[in-house]
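Trainee: Residue numbers (my numbering), protein chains in the order written: chain H, 1089 to 1229; chain B, 1089 to 1229; chain Y, 112 to 525; chain D, 112 to 525. Backbone N, C-alpha and C define an ideal beta-carbon position, used for all residues, glycine too. Since the model is a prediction, treat every value here as computed from it, not as a measurement.
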Amino acid sequence: MSLNDLFTEIILDHYQHPHNHGLISSPSHFSRGFNESCGDDIQISLLVEKDIIVDVKFSGAGCSISQASASIMTDIVRGKSVDQIKTLAGKFYDMVKGNEANPDEDLGDAVALQGVAKFPVRVKCATLAWHTLEEALKQQK
Amino acid sequence: MSLNDLFTEIILDHYQHPHNHGLISSPSHFSRGFNESCGDDIQISLLVEKDIIVDVKFSGAGCSISQASASIMTDIVRGKSVDQIKTLAGKFYDMVKGNEANPDEDLGDAVALQGVAKFPVRVKCATLAWHTLEEALKQQK
Amino acid sequence: MIRNHIKSDFPIFSYWESRGKPLVYLDSAATTQKPLRVISKVEEYYSQFNANVHRGTYELSQIATDIYEEARSKVARFINGLQPESVIFTRNATESLNLVAYAWGLNNLKEGDEVILSEMEHHSNLVPWHIIARHTGAVLKFIRMNHDYQLDLDSLRQILTAKTKAVSVVHVSNVLGTINPVKEITAIAHDAGAISIVDGAQSAPHIPVDVQDIGCDFYAFSGHKMCGPTGIGGLYGKYDLLEKMEPFLGGGEMINEVFPTTSNYAKPPYKFEAGTPNISGAIGLQAAIEYIEDLGLKNIEEHEVALGDYAAQRLAEVEGIRIFRPHATGTGVISFTIDNVHPHDISTILDAEGIAIRAGHHCAQPLMRKLQVQSTARASFYLYNDRSDVETLARALEKAVAIFSPRKKANVLK
Amino acid sequence: MIRNHIKSDFPIFSYWESRGKPLVYLDSAATTQKPLRVISKVEEYYSQFNANVHRGTYELSQIATDIYEEARSKVARFINGLQPESVIFTRNATESLNLVAYAWGLNNLKEGDEVILSEMEHHSNLVPWHIIARHTGAVLKFIRMNHDYQLDLDSLRQILTAKTKAVSVVHVSNVLGTINPVKEITAIAHDAGAISIVDGAQSAPHIPVDVQDIGCDFYAFSGHKMCGPTGIGGLYGKYDLLEKMEPFLGGGEMINEVFPTTSNYAKPPYKFEAGTPNISGAIGLQAAIEYIEDLGLKNIEEHEVALGDYAAQRLAEVEGIRIFRPHATGTGVISFTIDNVHPHDISTILDAEGIAIRAGHHCAQPLMRKLQVQSTARASFYLYNDRSDVETLARALEKAVAIFSPRKKANVLK
Ligand SMILES: Cc1ncc(COP(=O)(O)O)c(C=O)c1O
Ligand SMILES: Cc1ncc(COP(=O)(O)O)c(C=O)c1O
Chain H
1089 MSLNDLFTEI
1099 ILDHYQHPHN
1109 HGLISSPSHF
1119 SRGFNESCGD
1129 DIQISLLVEK
1139 DIIVDVKFSG
1149 AGCSISQASA
1159 SIMTDIVRGK
1169 SVDQIKTLAG
1179 KFYDMVKGNE
1189 ANPDEDLGDA
1199 VALQGVAKFP
1209 VRVKCATLAW
1219 HTLEEALKQQ
1229 K
Chain B
1089 MSLNDLFTEI
1099 ILDHYQHPHN
1109 HGLISSPSHF
1119 SRGFNESCGD
1129 DIQISLLVEK
1139 DIIVDVKFSG
1149 AGCSISQASA
1159 SIMTDIVRGK
1169 SVDQIKTLAG
1179 KFYDMVKGNE
1189 ANPDEDLGDA
1199 VALQGVAKFP
1209 VRVKCATLAW
1219 HTLEEALKQQ
1229 K
Chain Y
112 MIRNHIKSDF
122 PIFSYWESRG
132 KPLVYLDSAA
142 TTQKPLRVIS
152 KVEEYYSQFN
162 ANVHRGTYEL
172 SQIATDIYEE
182 ARSKVARFIN
192 GLQPESVIFT
202 RNATESLNLV
212 AYAWGLNNLK
222 EGDEVILSEM
232 EHHSNLVPWH
242 IIARHTGAVL
252 KFIRMNHDYQ
262 LDLDSLRQIL
272 TAKTKAVSVV
282 HVSNVLGTIN
292 PVKEITAIAH
302 DAGAISIVDG
312 AQSAPHIPVD
322 VQDIGCDFYA
332 FSGHKMCGPT
342 GIGGLYGKYD
352 LLEKMEPFLG
362 GGEMINEVFP
372 TTSNYAKPPY
382 KFEAGTPNIS
392 GAIGLQAAIE
402 YIEDLGLKNI
412 EEHEVALGDY
422 AAQRLAEVEG
432 IRIFRPHATG
442 TGVISFTIDN
452 VHPHDISTIL
462 DAEGIAIRAG
472 HHCAQPLMRK
482 LQVQSTARAS
492 FYLYNDRSDV
502 ETLARALEKA
512 VAIFSPRKKA
522 NVLK
Chain D
112 MIRNHIKSDF
122 PIFSYWESRG
132 KPLVYLDSAA
142 TTQKPLRVIS
152 KVEEYYSQFN
162 ANVHRGTYEL
172 SQIATDIYEE
182 ARSKVARFIN
192 GLQPESVIFT
202 RNATESLNLV
212 AYAWGLNNLK
222 EGDEVILSEM
232 EHHSNLVPWH
242 IIARHTGAVL
252 KFIRMNHDYQ
262 LDLDSLRQIL
272 TAKTKAVSVV
282 HVSNVLGTIN
292 PVKEITAIAH
302 DAGAISIVDG
312 AQSAPHIPVD
322 VQDIGCDFYA
332 FSGHKMCGPT
342 GIGGLYGKYD
352 LLEKMEPFLG
362 GGEMINEVFP
372 TTSNYAKPPY
382 KFEAGTPNIS
392 GAIGLQAAIE
402 YIEDLGLKNI
412 EEHEVALGDY
422 AAQRLAEVEG
432 IRIFRPHATG
442 TGVISFTIDN
452 VHPHDISTIL
462 DAEGIAIRAG
472 HHCAQPLMRK
482 LQVQSTARAS
492 FYLYNDRSDV
502 ETLARALEKA
512 VAIFSPRKKA
522 NVLK
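Structure, rendered in structure tokens:
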């Protein structure tokens, strides 16, 4: 396993300069997720209108993988429908768990996280944002 | 280890025909002892006058060793002083634990229990009556 | 069919054989012997993969976590639990039952509520309820046992009331070998709105168990009674019930967030596994289950019942013997007494011949009183026993009778 | 002095060495590696002497009981407990602390009573008290920590009141390595009529411990953190206190007489050991203690302090590092953060070099908040570590800094 595959330029970039960071002032959905094992903490706030994500922000603290994954995710999901997100999340989990060698192009920048598959201890970090997003969508506010 | 050394004629005799079996009607001292491991249960009632055991009886149920040891003990301790009993008990423990190859003659018939030293799992059975006696003497009634 | 020479899978038999003192081990209801496969697995873990689980952020810890969680999945499949997360690792069946009594009982029982047990329970399914009853004011009631040593389900129906909150019974009795109809008992309990708890310490090792088919809410068992290491056991619980429950032990692993004076908890099973678990124990237990499954639980059961039947028949020839074994559901456990020979003396005489049986109350004092005995002798068979063990046992019992019958004694003692 | 080549006592190091991935194990505060001597002892037990303890009436069971009880005596002598009977075998330090919280706390605390903990406790000495406080209405208070990561005893004196019933503190912090003055704390607690409880999970393995000298009422520790097997730990308690206490878990072994709805209990330590114990674990723990004693605890302590001091000095050279280690009582535990490199990322980068350290909250979330960090990285040294391990660590940390510093990154990644 090479660290190069994990700490890619894109990851470090999103980590050091996260996109969509903060809280939406009146979100329609919100959830907070933890990784007990390493202390990652991510809050996701959403504005969903007619089943479409019109706005999304994240805040929290954690390692480069969890934060970069959240930052990238917010970029990707904006404008997508709730159903599309379900599919996307599934593709993302498959990729980082190494179940899928050729990640779907819908994943966009998230393919930068493909290297996580070689670092099983970091899978939880990569998926935290996505799980928290799915939780938020479940919780009608 | 030979079973002959354990189940001697004297032991079997005391087991099948115990001496001083029963309860003293108005004892000055009383105690009940258990062996959790095998269910032995012995009750000892005493009449002590001027520091001398003038009467002693035992009842209860248990294996041959525990019952025979109680029966023999009641024979030996009658007429002895409380101090003498302490010494005797100590000698008895030494004998059944194998700490003393040549048991003291004061132990009388109790030397029939010498073989117990070769059966470590039975030591508790042999000492139960004596421990219960010592407990009874501690408890002022 | 259990294959011949199976004893050679268990190093302890060759050890004593090689010392000229072959071991006839008939105390498997207390604890079983361990096959080499289990012993080696534990050794391998410590020599190659030892690290703490769950909290680690490096590869070795991930390996340890993976094999620990694989063991959990194995246990869940073994008893047909719906999901791995419904299995909590504990020290033994006793701790599993205490976990239920404390975590469920302390928070769900109030004064006057009733918990139903049975007349043939092991102390492990009695004393925890005594403690919780003292704290909560709950009342304990008992399913009666009939003359064939079976639980009387009518008596269960009679004592059930609207206040009954739990019915907790032993699956297979460690004294009588009775297999209780836990599926029916569970259905009766559920009809009355009570939860059902099964003490499986003597079923998991010996008969196929399907917790979904039984339908019980909790099922407790011990690893050391099924070829596994000491110090590991399990509690299966229905997941939604586990989710709703308060935790039992507090500490590392079982939490989500901890503040100075409050905390919130992780999901089951972690919520119930505080502190560093017995990792090597869990891994050894998996190896034990694999060993048992390779032999086949149906085969093990048949083997034991056949030995039990044969022993019941052969031992009936011993003078003055009284056997406590149901006609309806006999297994590989035989408790007995012999007139004029105390169980402890029987055990000593057998021990001199290299035969290990148990004498005592078998942690079931109320049952002893019900049987009107102070103690019994008990031979319990497992997959590694065979008919020659029964023969050796029977002959030694005849010797015991002779020793305590003065008329015969002279002829037997050398 | 610890002898050279001590790593060869531990099979796991040769295993990874032989696979071309030498293991630099710096997570001994989580769990330690096991010497061959301990692994073999467990194997020997299962291959030669395995039987259930205490209840047996045959020789094999007597042997098992004797070696189990010998292990108890060994533990008692190791911490200079007055008598073997004051040592209770548990699964781990967490269970030991829960035992005290439940068995002592549930029965001795009432609404408004106070329990004093400290700001540097492990969750294992926090969450059990949260649970008991919820059941009893007792109140938790905290000894403050000063700027050198030491407990401030004045703050203890200030918060002590007539309602304080117990003071429970960690002996050696698993995050900071601080050695707390538990003897003084115990004296202060006793003066106020409170009992004193010491969490010794990180002291028993690393420094000489004398519970009589400390004077504490309870002392908890884990076997797996001191070269012993997983699944075994201990609780030392003053015997008269243990005698007066209600039991914790109910079941076999811990009773005297059991009736359907009541029971009375055996003497300590048996009163607190319900069910079949982790026999092989206790025996393995004895072997671990013998191993440690052969090396000498004073030597182990010196070795670790020297490594810790060296590491503190060497790591201080790493850019952006912040080390959380008291000047007054540094040990072999070093927690740190590095600016702009998250502990979890540090751990992954180190892992790629075969270095196992821990990253996270170390089961001490309130302490993390006090330190104003979310998590730290932690290297913890034990008897088998040496200066070359520190060197490897320091160089890998420099690499981590470089990876996260774009300007340097190109030069370090191959
Ligand atoms: C200070 C301290 N207390 C308690 C514990 C709990 O130990 P265990 O997980 O073995 O119960 C630990 C170890 O994690 C510790 O470091
Ligand atoms: C029926 C039954 N329940 C519970 C137990 C307790 O098992 P353990 O001692 O492993 O906790 C036993 C074994 O002694 C048993 O036979």
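Decide if lysine 221 (chain D) is buried, meaning its Cβ has at least 16 other Cβ atoms within 10 Å, or exposed.
Mentor: Lysine 221 (chain D) comes out exposed.
Trainee: Just list the residues that DSSP pairs asparagine 1123 (chain H) with in beta bridges.
Mentor: In the DSSP output, where bridge partners are listed per residue, asparagine 1123 (chain H) has H:Asp1128.
Trainee: Which residue marks the beginning of the alpha helix (DSSP H) containing arginine 425 (chain Y), and which one marks its end?
Mentor: Taken as a continuous stretch (DSSP letters only), the alpha helix (DSSP H) holding arginine 425 (chain Y) covers 408-426.
Trainee: Helix or strand or just coil, what does DSSP make of arginine 188 (chain D)?
Mentor: Note: arginine 188 (chain D) maps to helix in three-state DSSP.
Trainee: Going by C-alpha distance, which of B:Thr1096, B:Gly1203, B:Lys1174 is nearest glutamate 1223 (chain B)?
Mentor: Nearest of B:Thr1096, B:Gly1203, B:Lys1174 to glutamate 1223 (chain B), Cα basis: B:Lys1174.
Trainee: In whole angstroms, what separates the C-alpha of valine 322 (chain D) from that of aspartate 328 (chain D)?
Mentor: Looking at the two C-alpha atoms, the distance is approximately 9 angstroms.
Trainee: Which residue from H:Phe1146, H:Cys1126, H:Leu1225, H:Asp1139 puts its Cα closest to that of serine 1169 (chain H)?
Mentor: Comparing Cα-Cα distances from serine 1169 (chain H) to each of H:Phe1146, H:Cys1126, H:Leu1225, H:Asp1139, the minimum goes to H:Asp1139.
Trainee: State the start and end residues of the unbroken alpha helix (DSSP H) segment that holds serine 1182 (chain H).
Mentor: For the record, residue 1182 (chain H) in the displayed sequence is aspartate; it is not serine. Run containing aspartate 1182 (chain H): 1170-1184, per the alpha helix (DSSP H) assignment.
Trainee: At a Cβ cut of 8 angstroms, what residues of the region 373-401 of chain D count as close to chain Y, listed as they run along the chain?
Mentor: Cβ contacts with chain Y come from Thr373, Ser374, Ala385, Gly386, Thr387, Pro388, Asn389, Ile390, Ser391, Gly392.
Trainee: Since glutamate 196 (chain Y) and proline 454 (chain Y) should fall inside the 8 angstroms C-beta cutoff, what is the C-beta to C-beta distance between them, to a whole number of angstroms?
Mentor: Incorrect: roughly 44 angstroms between the Cβ atoms, too far for contact.
Trainee: Helix, strand or coil: how does DSSP classify asparagine 375 (chain D) here?
Mentor: Of the three classes helix, strand and coil, the one that applies to asparagine 375 (chain D) here is strand, per DSSP.
Trainee: Is it buried or exposed, glutamate 428 (chain Y), if we count other Cβ atoms within 10 angstroms and call 16 or more buried?
Mentor: Counting Cβ neighbours within 10 Å, glutamate 428 (chain Y) comes out exposed, since fewer than 16 surround it.
Trainee: When DSSP labels each residue in this structure, what does tyrosine 402 (chain D) get in the three-state scheme?
Mentor: Residue state, collapsed to three classes: helix.
Trainee: Determine, using beta carbons only, whether tyrosine 157 (chain Y) comes closer than 8 angstroms to chain H.
Mentor: Chain H contact via Cβ: absent.
Trainee: Quick check: the region 347-356 of chain Y against the region 403-415 of chain Y, are there 3 or more CB pairs under 8 angstroms?
Mentor: No, the region 347-356 of chain Y is not in contact with the region 403-415 of chain Y.
Trainee: Could you give the DSSP three-state label for serine 172 (chain D): helix, strand or coil?
Mentor: If DSSP states are grouped into helix, strand and coil, serine 172 (chain D) belongs with the helices.
Trainee: From what residue to what residue does the beta strand (DSSP E) around arginine 498 (chain Y) run?
Mentor: Arginine 498 (chain Y) -> not in any beta strand (DSSP E); alpha helix (DSSP H) instead, spanning 498-514.
Trainee: Would you call the region 243-252 of chain D and the region 282-299 of chain D touching, i.e. three or more CB-CB distances under 8 angstroms?
Mentor: Taking 8 angstroms as the limit for Cβ pairs, the verdict is that the region 282-299 of chain D does not touch the region 243-252 of chain D.
Trainee: Using a Cβ-Cβ cut-off of less than 7 angstroms, list which residues of the region 448-467 of chain Y approach chain B; keep chain order.
Mentor: Flagged, chain order: His453, His455, Asp456, Thr459, Ile460, Ala463.
Trainee: DSSP three-state call for serine 151 (chain Y): helix, strand or coil?
Mentor: Serine 151 (chain Y): helix per DSSP, three-state reduction.
Trainee: Would you say the beta carbon of cysteine 1151 (chain B) comes nearer than 7 angstroms to a heavy atom of ligand 1?
Mentor: No - ligand 1 has no heavy atom lying nearer than 7 angstroms to the Cβ of cysteine 1151 (chain B).
Trainee: Tell me, which residues are paired with methionine 256 (chain Y) by DSSP?
Mentor: Answer is Y:Leu262.
Trainee: Using the beta carbon as the reference atom, which residues fall closer than 5 angstroms to any heavy atom of ligand 2, ordered along the chain?
Mentor: That query returns the following residues: Y:Asn203, Y:Ala204, Y:Thr205, Y:His233, Y:Ser235, Y:Val281, Y:Asn285, Y:Asp310, Y:Ala312, Y:Gln313, Y:Ser333, D:Gly386, D:Thr387.
Trainee: Can a CB atom of chain D be found closer than 8 angstroms to the CB of lysine 1229 (chain H)?
Mentor: Note on lysine 1229 (chain H): pLDDT 49, under 50, position unreliable in the model; the coordinate value appears next. With 8 angstroms as the cut-off, lysine 1229 (chain H) does not count as an interface residue toward chain D.
Trainee: If we ignore side chains and look at the alpha-carbon of each, how far apart do tyrosine 402 (chain D) and arginine 148 (chain D) end up?
Mentor: Answer to the nearest angstrom: the Cα atoms are 8 angstroms apart.
Trainee: Could you check how far apart the C-beta atoms of leucine 1201 (chain B) and alanine 1189 (chain B) are, in whole angstroms? I think they sit under 8 angstroms.
Mentor: About 14 angstroms separates the two Cβ atoms, so there is no contact after all.
Trainee: Please report the Cβ distance between valine 1199 (chain H) and proline 1208 (chain H), rounded to the nearest whole angstrom; I am assuming they are in contact, meaning their Cβ atoms lie under 8 angstroms.
Mentor: The pair is not a contact, with the Cβ atoms about 19 angstroms apart (cut-off 8 angstroms).
Trainee: Reducing DSSP to helix, strand and coil, say where threonine 432 (chain D) ends up.
Mentor: It should be noted that the sequence gives isoleucine, not threonine, for residue 432 (chain D). Strand at isoleucine 432 (chain D).
Trainee: In whole angstroms, give me the CA-to-CA distance for alanine 204 (chain Y) and leucine 210 (chain Y).
Mentor: One C-alpha to the other measures close to 10 angstroms.
Trainee: Name the chain B residues whose beta carbon is nearer than 7 angstroms to that of glutamine 173 (chain D)?
Mentor: Near glutamine 173 (chain D) (Cβ distances below 7 angstroms), the residues of chain B are Pro1208, Val1209.
Trainee: Where does tyrosine 126 (chain D) sit, in a helix, a strand or coil, going by DSSP?
Mentor: Correct three-state label for tyrosine 126 (chain D): helix.
Trainee: Measure the alpha-carbon distance for glutamate 128 (chain Y) versus leucine 346 (chain D) and round it to whole angstroms.
Mentor: If you take the alpha carbons of glutamate 128 (chain Y) and leucine 346 (chain D), they lie about 39 angstroms apart.
Trainee: For glutamate 1124 (chain B) and chain D, any beta-carbon pair shorter than 8 angstroms?
Mentor: Yes - at least one Cβ of chain D is within 8 angstroms of the one on glutamate 1124 (chain B).
Trainee: For cysteine 474 (chain D), verify whether its CB is less than 7 angstroms away from any heavy atom of ligand 1.
Mentor: Cysteine 474 (chain D): yes, Cβ under 7 angstroms from ligand 1.
Trainee: Phenylalanine 370 (chain Y) CB to nearest chain D CB: under 8 angstroms?
Mentor: True, the Cβ-Cβ gap to chain D drops below 8 angstroms.
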